[in-house]
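K.L.:
According to my numbering, the sequence shown is numbered sequentially starting from 3.
Here it is, the structure, as structure tokens.
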Amino acid sequence: MSSMDNRNAQVALFVDGDNVRGQSWPAILDKGRQFGRLAVARLYMDFQILSDGGASARAAGFEPHHVLGKRTSDGFKSMVDVALACDAMSILHEYPNITTLIMGSGDADFIPLIANWKRRGKYTVVMANASALSGELRQVADEVVTFGGGGRRIGEPGRRGGRSTLSRNKLKRIVLDTAGTTRLTDRETSQPLVRVDWLIEELHERYPATRDALPDAESLAKLLIADLPELDPMDGKGRYFLLGEPEDSEDNGEEEDRAGRPDDQAVLDIFAELCRETLPVDGSWLKASSVLNEGKRLLEDGPGYELPRKRPTGWFRSLLESTEGVEVRTTDGGQLEVRRDR
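Put into structure tokens, the structure is as follows:
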């Protein structure tokens, strides 16, 4: 598109968070703005796998759409493709002045969507990591923008953690901890399947000490997590999974347990954002106790953290009141309630 066209273009940017690993939120938005004004900028993923619960994506300018995965007999299936495609089609009617669709994914599943937009005279752009871009999708789009490798896991700041020397057992636990809720379950062995196509970058960012012990994906593949580790494209899309689980570790000290874990305030910030995401979008009030319990569940099932043990009286109300987009009230009966601030 020419510079003149870009000045007049109205752009809808839809990003599948799992398909743009290694890129920062601001970088993706900046690329999108090169095609015109971003009338829509939506990010779809299970935000439980991010340590900040999606707060940095929202701060960058994305409209986060939390899509929980679906647990099936075959393991864990992402539902992002369905939610994103439905919303992208709705935009055709809700925003008739949109001229450009940018698809932040290299997944070939989006070919019918791209083709549909093109039939309606829209300019289509695919934005994805070069290593994850489908050749068929490249041929369908009007323009392709690719990202190289490197960088931290999308949307997350770097963390300090780990030690200069890590035991093999510690490395095994770090791998599974970093994989978080992206782990699947092998239906034959009931063991976790850990994605490794993006895991190395995340390992290095969260645990700098792993840079020497696990410098690349090949070294990760060779890490003995089970008696017979396997590295196979389990889902048919070229995404690799490492089969296995760590044996019992002899390192059970408190320092080991907290290695790589953010400080208490960071955990509370993540917890607050998760609580906010549980609130109904229509602004209806919920009991604070139910929000607390759901937030704790998401915190433990997602990033795998627990709330700090030492919490002052009234901490939950204070936390909610300081969280952007949340409104708190006390009913006549003295019950604390919370809702999404409209």
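Where a beta carbon is used, it is the ideal one built from N, C-alpha and C, also for glycine.
Among the residues of its own chain, which have a CB less than 6 Å from the CB of residue 124, if the five just before and after it don't count?
P.N.:
103
K.L.:
Give the straight-line distance between the Cα atoms of residue 281 and residue 274, rounded to the nearest whole angstrom.
P.N.:
In this structure, the alpha-carbon of residue 281 lies about 11 Å from that of residue 274.
K.L.:
Does DSSP classify residue 326 as helix, strand or coil?
P.N.:
coil
K.L.:
Hey, quick one: how far does the beta strand (DSSP E) through residue 145 stretch, first residue to last?
P.N.:
145 to 149
K.L.:
In the DSSP assignment, what are the bridge partners of residue 331?
P.N.:
339
K.L.:
Give the DSSP bridge partners of residue 66, in chain order.
P.N.:
45
K.L.:
State yes or no: is the C-beta of residue 25 within less than 8 Å of the C-beta of residue 100?
P.N.:
no
K.L.:
Helix, strand or coil for residue 30 per DSSP?
P.N.:
helix
K.L.:
Between the stretch 81 to 101 and the stretch 312 to 321, do at least 3 Cβ pairs fall closer than 8 Å?
P.N.:
They do not touch, by the three-pair rule.
K.L.:
Given that a residue counts as buried once 16 or more other Cβ atoms are within 10 Å of its Cβ, and exposed if not, what is residue 285?
P.N.:
exposed
K.L.:
Is the beta carbon of residue 61 less than 8 Å from the beta carbon of residue 41?
P.N.:
Cβ distance not < 8 Å, so residue 61 and residue 41 don't count as in contact.
K.L.:
State whether the stretch 325 to 336 contacts the stretch 303 to 311, with contact taken as three or more CB pairs (one from each stretch) at a distance under 8 Å.
P.N.:
no
K.L.:
By Cβ distance below 6 Å, which residues in the same chain neighbour residue 144 in space, the five residues on each side in sequence not counted?
P.N.:
125, 126
K.L.:
Roughly how many angstroms lie between the CA atoms of residue 129 and residue 107, to the nearest whole one?
P.N.:
6 Å
K.L.:
Would you say residue 56 and residue 43 are within 8 Å of each other, going by their C-beta atoms?
P.N.:
no
K.L.:
For residue 58, count the other beta carbons within 10 Å of its own beta carbon; 16 or more makes it buried, fewer makes it exposed. Which is it?
P.N.:
buried
K.L.:
Under 8 Å by Cβ, that's how I've got residue 48 and residue 69 pegged, so tell me the actual separation to the nearest angstrom.
P.N.:
6 Å
K.L.:
What residues in its chain sit with their C-beta under 8 Å from that of residue 332, if we drop five residues either side in the sequence?
P.N.:
Same-chain partners within the cutoff: 338, 339.
K.L.:
Within the same chain, show all residues whose beta-carbon is closer than 8 Å to that of residue 122, passing over the 5 residues directly before and after it, in chain order.
P.N.:
94
K.L.:
Does the beta-carbon of residue 279 have 16 or more other beta-carbons within 10 angstroms, so that it is buried, or is it exposed?
P.N.:
buried
K.L.:
Does the Cβ-Cβ distance between residue 117 and residue 142 come in under 8 Å?
P.N.:
yes
K.L.:
Measuring only the C-alpha atoms, how far is residue 132 from residue 270?
P.N.:
36 Å
K.L.:
Taking 6 Å as the limit between beta carbons, can you name the residues of its chain near residue 146, skipping five residues before and five after?
P.N.:
128, 140
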